[in-house]
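With mature numbering (1 follows the signal peptide of the UniProt record, and there is no 0) applied, the sequence shown corresponds to residues -26 to -1, 1 to 193, in that order.
Don't be surprised by glycine CBs; every beta carbon is placed ideally from N, CA and C.
Taking it in order: structure first as structure tokens, then the write-up.
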Amino acid sequence: MKNRKRKVMGFLLAGMLAAVSLSACGQSSEETQTAQTAAESVSEAAASEAASEEATQNAAETTSSDSGETDLLDTVLERGTLIIGTEGTYSPNSYHDESGELVGFDVEVAQGIAEHLGVEAQFMEAEWDSLFAAMDSGRVDIVVNEVEYSDERAEKYDFSEPYTYVHGALMVAQSNTDINSFEDLAGKRAAQNLTSSWGRMAESYGAELVSVDSVSQCV
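Quick look at the structure:
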């Protein structure tokens, strides 16, 4: 609707300027100057209106964007708890010690985030393949479980700055002599979460994925 309004205004301006041009030959210099001034005023008014519309639209878009970004934070602060999704079976990042307490590097990172926000950390444990679905449905606020960045994930989720770097390695039985590198995975079966980055890497080398729920099931 805004574009249509601007186009109509443009046509009106063009018609007025043409009228001024045609009548100027038979008018005095004072009348011509008056007509030109009127045309310039209309042109300035149109430009001002267009600028005002654009500024209003930009402000609305900014407000909408800012509102979306702050909704989750406001909810967490009002609730007083940060609900964190993690596996709880992924040592040394998120696992249970001998006493049954949830511990690990990522657990400490998540607790630090909650402390920084001034809220309590509440953990919800789930299998890796269910963590992102839990965040999509709003059951958890964030996932802290050695989540690797990817362009595909970044299209849907916001990522923190990297805080840890890992190096992957293949683990095979001692009796195995066929697999010595990733290139040897073609046609082999690899145990991994179906949606993990490591699983996708194995598939890229031609491996067939065998779904497991935790690292312990791989051994």
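Rounded to whole angstroms, what is the Cα-Cα separation between residue i and residue j?
i: Tyr123; j: Phe133; result: 7 angstroms
i: Phe97; j: Pro136; result: 21 angstroms
i: Leu183; j: Glu82; result: 31 angstroms
i: Gly112; j: Asp80; result: 20 angstroms
i: Gly78; j: Ser65; result: 7 angstroms
i: Met175; j: Thr138; result: 19 angstroms
i: Arg163; j: His141; result: 21 angstroms
i: Ala181; j: Ser149; result: 19 angstroms
i: Ala100; j: His70; result: 13 angstroms
i: Asn32; j: Ala128; result: For Asn32, the predicted structure reports a pLDDT of 49, less than 50, and the residue's modelled location is therefore unreliable. The matter cannot be settled from this model.
i: Thr151; j: Ala143; result: 16 angstroms
What residues in its chain sit with their C-beta under 6 angstroms from that of residue i, if we drop five residues either side in the sequence?
i: Glu61; result: Ser68, Trp102, Asn119
i: Phe156; result: Tyr179
Can you tell me which of the three DSSP states residue i falls into?
i: Ala181; result: coil
i: Ala107; result: helix
i: Ile58; result: strand
i: Met98; result: strand
i: His70; result: strand
Using C-beta distances below 8 angstroms, list every residue in its chain close to residue i, excluding the 5 sequence neighbours before and after it, in chain order.
i: Ala95; result: Thr55, Leu56, Ile58, Ala84, Gln85, Ile87, Ala88, Glu89
i: Val186; result: Ala165, Gln166, Asn167, Cys192
By Cβ distance below 7 angstroms, which residues in the same chain neighbour residue i in space, the five residues on each side in sequence not counted?
i: residue 241; result: The structure shown does not extend to residue 241, since the chain is modelled only from -26 to 193, so the question has no answer here.
i: Glu177; result: Leu183
i: Gly161; result: Gly180
What is the C-beta distance between residue i and residue j, in whole angstroms, given that I count them as a contact (C-beta under 8 angstroms)?
i: Val50; j: Leu91; result: 7 angstroms
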